[in-house]
Amino acid sequence: MKTPPPRWYKRAIAMIAGLGLVAPLTACGRSDTGADAISDRPQARSIAAETLPDHIVNGDFSYPTVDQGSWTLVQSDTGKWYRNASQPAGPCSASPDNGWTPIPDFDRSKFGWNSTQEDNRIPCYAYRNAVEIQALLNDGTQWVELTESQPHTAIYQDISTIPGAKLVWSLKHSSSKADEHVDEMQVMIGAPGKETVQPASRIASDSNDPLGPVENGVIASNVTTGNGWDTYMGTYTVPAGQTVTRFSFKALSSFNVASGNRLDDISFGAAYPLSYDGNGNTKGETPRRPE
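So that you can map any letter, position 151 of the sequence shown is 368 in the numbering used here, and since no number is skipped, the others follow by simple counting.
See below:
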């Protein structure tokens with residue numbers, strides 16, 4: 218997906234201006250190096266869980282590269298995938314390991330994602346922790362589809378965070394078959410297992426969807442032309458003592474159990490509150506992005 222246009226970015230910054238100084242948003246899905254605003258603050262390095270990233274990993278779902286014009290399921294904990302395009306005709310038993318094979322040179326830290334998918338081996342591709350990646354034919358652009366084979370599937374990442382930090386998240390969403398059904402989802406953020414639904418605003422649309430806050434945090438895009446997407450954003454303040462924060466993206470409704478809720482370009486940045494001295498001068502700081 219292409220980086221959002223300057224008008225999109227300026228609108229997002231204006232909406233959160235009251236929070237304080239804003240660190241640049243992580244480049245959509247390209248923060249794997251750790252060059253994120255949070256990581257540049259000394260206190261972040263001292264309190265962050267060493268095993269967790271401080272940014273959304275693989276937010277553009279470009280890793281691993283999957284078959285174009287098809288869908289692929291990825292299990293990050295086993296390092297295996299189910300490639301629909303390469304499966305033989307016939308029942309699952311016709312393929313070794315029910316069609317699941319090792320991903321060559323798979324790096325779990327570069328993939329980043331997990332899901333709430335549970336085992337249901339009828340059909341055989343409905344395995345736990347399956348994240349569905351799709352790729353556009355003759356283009357290669359990749360995205361994730363939330364509803365793999367079970368309703369209300371969610372994908373998530375655990376992120377190392379600074380208590381008190383104000384996070385600004387963004388994503389792109391579209392319905393898989395908007396001319397027949399408008400898919401719905403919600404962003405949920407919080408301590409692992411205690412995530413809550415987040416308010417969201419539509420800030421850009423490739424169709425005529427109205428801009429502004431969405432009701433009850435329900436993200437629903439009525440884009441019916443081409444491969445259009447709507448862009449959404451929101452903010453979240455990390456509570457005191459919460460150094461690990463889970464970002465979850467949950468399907469509410471879909472066209473059917475096999476199609477719905479396409480997501481791409483998921484990212485977040487950080488906004489730090491200003492402090493004031495007795496003369497009314499600000500002392501806020503904007504973390505510098507490493508060269």
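Where is the CB? At the ideal position from N, CA and C, for every residue including glycine.
Looking at Y373: is its Cβ nearer than 8 Å to the Cβ of F472? Inclusion of Y373 and F472 in the CB contact set at 8 Å is not warranted, their separation being larger than that value.
What's the call for L480, buried or exposed, on a 16-neighbour Cβ count within 10 Å? A residue is called buried once 16 or more other Cβ atoms fall within 10 Å of its Cβ, and L480 is buried on that count.
Does the beta-carbon of D482 have 16 or more other beta-carbons within 10 angstroms, so that it is buried, or is it exposed? Its Cβ being crowded by 16 or more others within 10 Å, D482 is buried.
Nearest-angstrom Cα distance between H369 and S393? Cα-Cα distance, rounded: 15 Å.
Sorted by chain position, which residues of the same chain lie with C-beta nearer than 7 Å to W360's C-beta, five sequence neighbours on each side aside? Result list for W360: F278, Q351, R479, L480 and D481, in chain order.
Do S470 and D426 have their CB atoms nearer than 8 Å? Using a Cβ distance threshold of 8 Å, S470 and D426 do not count as a contacting pair.
Would you report the Cα separation of D322 and A371, rounded to the nearest angstrom? C-alpha separation (whole angstroms): 26 Å.
Looking at W298: is its Cβ nearer than 8 Å to the Cβ of E349? No, these two residues do not count as a Cβ contact at 8 Å.
Neighbourhood of Q415 by C-beta, 7 Å cutoff - its chain only, sequence neighbours within 5 removed: Counting only residues of its own chain and dropping the five nearest sequence neighbours on each side, Q415 has a CB closer than 7 Å to the CB of V404, M405, I406, G434, G451 and Y453.
By how many angstroms is the C-alpha of L384 removed from the C-alpha of S377? The alpha-carbon atoms of S377 and L384 are separated by roughly 12 Å.
How long is the line joining the alpha carbons of Q334 and Y342, rounded to whole angstroms? Between Q334 and Y342, the C-alpha separation is close to 11 Å.
Identify whether A468 lies in helix, strand or coil by the three-state DSSP scheme. Strand at A468.
Outcome for P270 when other beta-carbon atoms lying within 10 angstroms are tallied against a minimum of 16: With 16 or more other Cβ atoms within 10 Å, it is buried.
By the three-class DSSP mapping on this structure, what secondary structure does P313 have? Collapsing the DSSP output to three states places P313 in a helix.
Here's the rule: buried if 16 or more other CB atoms are within 10 angstroms of the residue's CB, otherwise exposed. What is I420? Using a 10 angstroms sphere on the CB of I420, the tally of other CB atoms reaches 16 or more, which defines it as buried.
The beta strand (DSSP E) that contains K327, what's its start and end? Taken as a continuous stretch (DSSP letters only), K327 belongs to no beta strand (DSSP E), being part of the alpha helix (DSSP H) at R325 to F328.
Quick check on K327: buried or exposed, where buried means 16 or more other Cβ atoms within 10 Å of its Cβ? Around the beta carbon of K327, a 10 Å sphere encloses fewer than 16 other beta carbons of the protein chains shown; the residue is thus reported as exposed.
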